[in-house]
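Numbering of the sequence shown is given in our numbering, commencing with residue 55 and proceeding in unit increments.
Worksheet: the structure to be examined is printed underneath.
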Amino acid sequence: MPYFIIIALSLIIDQLSKYLTVIYLKPIESYPLINNVFHLTYAENTGAAFSMFSGKQPLLIILTLIIIAALLFYLIRNLKTDQVFLKFSLSLIIGGALGNLIDRIRLNYVVDMLDFTLINYPVFNMADVFVVSGAVIFAYTILTSSTDNSVD
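Okay, here's the thing in structure tokens:
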């Protein structure tokens, strides 16, 4: 049950940050938190990461639904295991994916706002933070999991 709470909290944080972005940031477009380093910038992304597949919302919606379904299946299948980091990582990925999926279905684009202007990195959002953080934890968990490679 705690993993479904993590999914819900990720989704709430993402959607609340996007709501506040539209209300307060869209009218002014950008607000520097650290001038020329980190800004809050309103952006509409019609693609996936780095604007790949831009304008292909039906494809992105279908792919996202398939990925979410597969990850949910894997999470539910592993609920009784003691792999806390695995379940935590899957919960973050699912929550973030759901956040961007809601935008794609509702708006036909994803609202982005986090802008590292220092390195000219693409603008992103909290859902992206959850997906990437979950993916890093998932990779770490998989790479460090012990396997029995002994030969009898």
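Where is the CB? At the ideal position from N, CA and C, for every residue including glycine.
Per-residue DSSP class, three states only, for residue i
i           : result
residue 167 : strand
residue 204 : Low per-residue confidence applies at residue 204: pLDDT is 43, beneath 50, and the placement is therefore not dependable, though the value from the model is reported in the following sentence. Of the three classes helix, strand and coil, the one that applies to residue 204 here is coil, per DSSP.
residue 178 : strand
residue 77  : helix
residue 88  : strand
residue 102 : coil
residue 95  : strand
residue 139 : helix
residue 58  : helix
residue 127 : helix
residue 108 : coil
Spatial distance of residue i from residue j (CA atoms)
i           : j           : result
residue 169 : residue 178 : 7 angstroms
residue 83  : residue 172 : 18 angstroms
residue 110 : residue 72  : 21 angstroms
residue 176 : residue 107 : 15 angstroms
residue 136 : residue 75  : 38 angstroms
residue 197 : residue 138 : 15 angstroms
When the options are compared against residue i, the one with the closest alpha-carbon
i           : options            : result
residue 211 : 112, 145, 197, 134 : As displayed, the chain neither begins before 55 nor continues past 206, which places residue 211 out of reach and without an answer.
residue 195 : 55, 63, 143        : 143
residue 193 : 140, 127, 183      : 140
residue 215 : 102, 137, 56, 151  : The structure shown does not extend to residue 215, since the chain is modelled only from 55 through 206, so no value can be given for it.
residue 174 : 56, 190, 93        : 93
residue 58  : 157, 127, 77, 89   : 127
residue 66  : 199, 191, 180      : 180
Whole-Å CB distance - residue i paired with residue j, under 8 angstroms assumed
i           : j           : result
residue 122 : residue 159 : No, residue 122 and residue 159 are not in contact; Cβ-Cβ is about 12 angstroms, not under 8 angstroms.
residue 153 : residue 69  : 6 angstroms
Would you check if the segment 84 to 98 and the segment 161 to 168 touch, i.e. whether three or more CB-CB distances between them fall below 8 angstroms? yes
Validate contact between the segment 112 to 119 and the segment 130 to 142 using beta carbons, cut 8 angstroms, 3 pairs: no
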